[in-house]
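Per this note's numbering, the very first residue in the sequence shown carries number 3; after that it's consecutive. C-beta atoms are modelled at their ideal positions from N, C-alpha and C, and glycine is treated no differently.
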Amino acid sequence: MLNGITEKIDRNIPLDRDELMFLYDREDLDLLAALAGKMRERHNGRTVYYNRNFHLEPSNVCSHRCRFCSYRRDSDTDEGAWTMSIEEVEKYLKDKYEPGMTEVHIVGSVNPSRDFDYYMEIIRTARRILPSRVTIKGYSAIEIADMCKGAGISYEQGLKKLMDAGLEAIPGGGAEIFDPGIRKLICPDKPDAAVWMEVHRTAHRLGLHTNATMLFGHIESREHRVEHLLALRGVQEETGGFDAFIPLKYRIANNALGIPADSGGIQEKEMEAIPFVEREADITEVLRTFAISRLALHNIPHIKSYWPMLGKDLCQLSLLFGADDIDGTINDSTRIYSMAGAEEQHPGLSARELVFMAEKAGFTAVERDSYYREA
Ligand code: V47
3 MLNGITEKID RNIPLDRDEL MFLYDREDLD LLAALAGKMR ERHNGRTVYY NRNFHLEPSN
63 VCSHRCRFCS YRRDSDTDEG AWTMSIEEVE KYLKDKYEPG MTEVHIVGSV NPSRDFDYYM
123 EIIRTARRIL PSRVTIKGYS AIEIADMCKG AGISYEQGLK KLMDAGLEAI PGGGAEIFDP
183 GIRKLICPDK PDAAVWMEVH RTAHRLGLHT NATMLFGHIE SREHRVEHLL ALRGVQEETG
243 GFDAFIPLKY RIANNALGIP ADSGGIQEKE MEAIPFVERE ADITEVLRTF AISRLALHNI
303 PHIKSYWPML GKDLCQLSLL FGADDIDGTI NDSTRIYSMA GAEEQHPGLS ARELVFMAEK
363 AGFTAVERDS YYREA
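The following block contains the structure:
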């Protein structure tokens, strides 16, 4: 089977489910590195992309009870909850923006006390405050679906309004794992895969650039991951609108999925029978998953390795397993991953440090904008 697989990779023919599982289950990581390296080289040569960016997280109050999330709070009165007013958003943007930055990444949450206009006003404010070379990338497909539902408008109408306000790209969040059985166990009230995909299809039709993610290393199997990748590949075949795929390693701290069901009081009664996660994916599984992602998604140009989630070392190593993008400077502006136990409690790196990471791993660092043009 291996000869056939190598030939397909050389000829850019998509690998099928069995071939991907055959590779995933092999012991020899070095073979996966070599095959994924071949495909990354065809797409991106020896380039590693990075950008100068920061995040805006206007609220962590969210009506979805995703069991993997350490960040969400039920209501504004809970300890650790925050919701910014538009004035606070404006002040935050002015404080965090530094000359040379090219992207702001906005994470929405599904805050039941905020409506479509609040989320639209955030985008409008960002567009007003930030220079035009800063791309506004914001709101996951799930957040957009919920906002549109709340406003009683279609995804197309909602996206058009957000685009009029200044939205230019959509991040890849909310995809989690598409398999309905696993999805029900880890994020029971989140809209399903079909909703996530329909928002992205609509966005692509309207000309928005978007990314895709997969949350892995919890209770899903390798088969579930391969199915997820194949579903994304299918959407990409239809639309060609995904720029990058980001495999997100599940981090275990401070969330219900990482806590034993018998630890008492933390899990809701009806969730007692639900499996929990004892340990995070080890380094070999993470690298394997990067390689398989690169190989499965022959039609998505970039594989992003997100250092605030993985830590710098693992991020750097993943460049040898198919990743070609290490995201950005971040400027200590995201809390989702530090709250879930990621190594960097105040994630921020200088552009120099990102270049160093890429070059020490044997690649050429290129600063990009949100559309992978040289910045
Ligand atoms: O959908 C939440 C994940 C995602 C945990 O498009 C967790 O450039 C691990 O979408 N452990 C949101 N992961 C983040 C996201 C993203 C990140 C970086 C770049 C881009 C991009 C998009 O974060 C969620 C969920 O899958 N997440 N909690 C956790 N405990």
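- A distance criterion of 6 Å places the beta-carbon of T286 beyond contact range of the ligand V47, judged by its closest non-hydrogen atom.
- The three-state secondary structure of P182, taken from DSSP, is helix.
- Within the region 298-375, the complete alpha helix (DSSP H) runs of at least 4 residues fall at 309-312, 314-320 and 353-362.
- Following the DSSP letters along the chain, one finds H211 inside the beta strand (DSSP E) bounded by residues H211 to F218.
- For the alpha helix (DSSP H) assignment, the uninterrupted runs of no fewer than 4 residues enclosed by the region 54-120 are, from N- to C-terminal side, 88-98.
- Under DSSP, I172 takes part in a beta bridge, and its partners are T212.
- Taking C-beta atoms under 8 Å as the contact rule, G343 and I332 fail to qualify, at a distance of about 17 Å.
- Using a Cβ distance threshold of 7 Å, G152 and D117 count as a contacting pair.
- Uninterrupted alpha helix (DSSP H) stretches at least 4 residues long and entirely within the region 10-35 occur at 19-26, given in chain order.
- Secondary structure at G140: strand, using DSSP grouped into helix, strand and coil.
- Taking each of R203, A255, N113 and D12 in turn and checking the Cα distance to A38, the smallest one comes out for D12.
- Close CB contacts of G160 within its chain, under the 8 Å cut and outside five residues either way in sequence, are with F118, I146, M149, C150 and A153 (chain order).
- Burial state of P101 is exposed, judged by a 10 Å Cβ sphere holding fewer than 16 other Cβ atoms.
- The C-alpha of E21 is placed about 16 Å away from the C-alpha of A36.
- E229 and P249 have their C-alpha atoms some 14 Å from each other.
- Beta bridge pairing from DSSP links K251 with F218.
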